[in-house]
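Trainee:
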Amino acid sequence: MYAVANYKMNGDKEFFLSQVQELNKIDTKDTKIVLCPPFIYLPFFKVNERISLGAQDVANAMKGRSTGQVSATMLKEFDAEYVIIGHSERRSNGETNTQIVDKVKCALELGLIPIICVGELNKNSGNDEIFEQVDAVLKNIDHSSKIIFAYEPVWAIGSGDIPTTEEVKNVIDNIKSRAKEMNFDIEVLYGGSVDEKNFTTFSKAGADGFLLGGITLKTERFIELIKGMDNE
Ligand code: 13P
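Numbering (the numbering used here), first residue to last: 1327 to 1558.
#1: Determine the direct distance from the alpha carbon of K1465 to that of K1502, and round the result to whole angstroms.
#2: In the DSSP assignment, what residue or residues form a beta bridge with C1308?
#3: Does V1427 come out as helix, strand or coil in the three-state DSSP assignment?
#4: Find out if the Cβ-Cβ distance for the pair L1538, F1341 is shorter than 9 Å.
#5: What residue does the beta strand (DSSP E) around I1359 start on, and which one ends it?
#6: How do the region 1447 to 1457 and the region 1508 to 1525 stand: do at least 3 beta-carbon pairs fall below 8 Å, yes or no?
#7: Let me check one thing: in DSSP terms, what residues is A1329 bridge-paired to?
#8: Examine ligand 1 and report whether any of its heavy atoms sits within less than 8 Å of the Cβ of Y1415.
#9: How would you label E1435, buried or exposed, when you count the other beta carbons within 10 angstroms and need 16 or more for buried?
#10: Helix, strand or coil: how does DSSP classify L1299 here?
#11: For S1344, which three-state DSSP category applies?
#12: Using DSSP with H/G/I as helix, E/B as strand and the rest coil, what is E1375?
#13: May I have the straight-line CA-CA distance separating T1490 from G1540, to the nearest angstrom?
#14: On the DSSP bridge assignment, give the partners of L1380 in chain order.
#15: So for Y1479, helix, strand or coil by DSSP?
#16: Quick one: is M1335 buried, meaning 16 or more other Cβ sit within 10 Å of its Cβ, or exposed?
#17: Determine the extent of the alpha helix (DSSP H) in which V1497 is found, giving its start and end residues.
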């Protein structure tokens, strides 16, 4: 199971140094911890067998005239293994499926594992939007690529309003069977208001782990969640 921390634009040097110290004290068997701080804090993290590093975005080109962007090569240089791509908070700023596919290709070229976020905007908007986002990626990359999808219903992010196990299972099963039809072997995470109390709702739905926001800013509860996942 993956516990992927998306700190978003939160935290400071002191927070990250102290959280890493606490995370280093815990022992996990099956839980892979992936920490995705804002770019500038990547050098503060040391990776080990249990803790990996990821970024929250990557440029859609390898280098050049792209003010403010960070390339896959640069992320590799600071030990990132994963990169979140297409988060709804970026899609809502105009990021398109085409840009997302280009970012995924850049990440894959450098051996980074993309965690591609997909999800419907509103509670009752149906699943078409999700599968459009999934297909845009699957149709444009090689089937042997190692990729992870994160199903994040946008309405569930930071709201405390969560879908049912059945609803999440339905989406995860559909993403997996679509991928299988195209000969991909992928994993699917769930994200959106996951905490130490409700995570089993989503593990029961077949999620291979979680993309975590708010809970990662509360170190004790984040650790409780990781331990809970590990004991499942
Ligand atoms: P919350 O866990 O705060 O709902 O955020 C989820 C998320 O957007 C992770 O990428």
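C-beta atoms are modelled at their ideal positions from N, C-alpha and C, and glycine is treated no differently.
Mentor: Looking at the atomic coordinates:
#1: Counted from its first residue, the sequence shown places residue 1502 at position 176. Counted from its first residue, the sequence shown places residue 1465 at position 139. Roughly 14 Å separates the two Cα atoms.
#2: Because residue 1308 is not part of the residues shown, which for the chain are 1327 to 1558, the question remains open.
#3: Indexing the sequence shown from 1 puts residue 1427 at position 101. Three-state result, V1427: helix.
#4: Looking up residue 1538 in the sequence shown gives position 212. Looking up residue 1341 in the sequence shown gives position 15. It is not a contact, given that the beta carbons lie outside the stated cut-off.
#5: Within the sequence shown, numbered from 1, the residue matching residue 1359 stands at position 33. Here the beta strand (DSSP E) through I1359 covers 1358 to 1362.
#6: no
#7: Counted from its first residue, the sequence shown places residue 1329 at position 3. For A1329, which the question treats as bridged, DSSP gives the partners I1359, F1536.
#8: Counting from 1 along the sequence shown, the entry for residue 1415 is found at position 89. Correcting the residue type first, residue 1415 is Glu in the shown sequence and not Tyr. Yes - ligand 1 has a heavy atom lying nearer than 8 Å to the Cβ of E1415.
#9: The sequence position of residue 1435 within the sequence shown is 109, counting from 1. E1435 is exposed by the Cβ-count criterion.
#10: Look at the range of the chain in this structure, 1327 to 1558, and you will see that residue 1299 is not part of it.
#11: Position 18 of the sequence shown, counting from 1, holds the residue named residue 1344. Helix.
#12: Position 49 of the sequence shown, counted from the first residue, corresponds to residue 1375. E1375: coil per DSSP, three-state reduction.
#13: The sequence position of residue 1490 within the sequence shown is 164, counting from 1. The sequence position of residue 1540 within the sequence shown is 214, counting from 1. For T1490 and G1540, the distance between alpha carbons rounds to 20 Å.
#14: For the purposes of this step, residue 1380 is taken as residue 54 along the sequence shown, with counting starting at 1. The amino acid occupying residue 1380 in the given sequence is Gly; Leu does not appear at that position. Y1408, per the DSSP bridge assignment.
#15: Numbered from 1 along the sequence shown, position 153 holds the residue referred to as residue 1479. Reading the sequence as shown, one finds Pro at residue 1479 and not Tyr. The answer is coil: DSSP assigns P1479 none of H, G, I, E or B.
#16: Sequence index remark: in the sequence shown, residue 1335 carries index 9 (1-based). M1335 should be labelled exposed.
#17: To locate residue 1497, count along the sequence shown from 1; it is residue 171. Residues 1491 to 1507.
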